[in-house]
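Q: Numbering (this note's numbering), first residue to last: 795 to 850.
The structure under discussion is supplied below as structure tokens; questions concerning it will follow.
Here it is in structure tokens:
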């Protein structure tokens, strides 16, 4: 799945098995992004606060 970085607008490839709460890095700007469920569609938002990536 492709999504846009909410920080810089670059296109990112999101793994098909991504789950809400998973963290990804934007290769263009280095922003830490969180996958979230937006009414049944997976989207990206800038991650904030104290975070742990349980998927890695």
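We treat Cβ as the ideally placed atom computed from N, Cα and C, and that holds for glycine.
#1: For residue 807, count neighbouring Cβ atoms within 10 angstroms of its own Cβ and tell me buried if that reaches 16, exposed if not.
#2: For residue 836, tell me which candidate among 817, 804, 801, 802 has the shortest Cα-Cα distance.
#3: Count the other CB atoms within 10 Å of the CB of residue 820; is the residue buried (16 or more) or exposed (fewer)?
#4: What's the gap between the Cα of residue 832 and the Cα of residue 813?
#5: Would the beta-carbon of residue 829 fall within 8 Å of that of residue 842?
A: For this structure:
#1: For this step, residue 807 is matched to residue 13 along the chain shown. Counting Cβ neighbours within 10 Å, residue 807 comes out exposed, since fewer than 16 surround it.
#2: Locating residue 836 in the chain shown gives position 42, counting from the first residue. Distance from the Cα of residue 836 is smallest, within the candidate group 817, 804, 801, 802, for 817.
#3: Locating residue 820 in the chain shown gives position 26, counting from the first residue. So residue 820 counts as buried.
#4: For the purposes of this step, residue 832 is taken as the residue at position 38 of the chain shown. For the purposes of this step, residue 813 is taken as the residue at position 19 of the chain shown. Spanning the two alpha carbons is a distance of roughly 12 Å.
#5: As a first step, residue 829 must be located in the chain shown, where it is residue number 35. As a first step, residue 842 must be located in the chain shown, where it is residue number 48. No.
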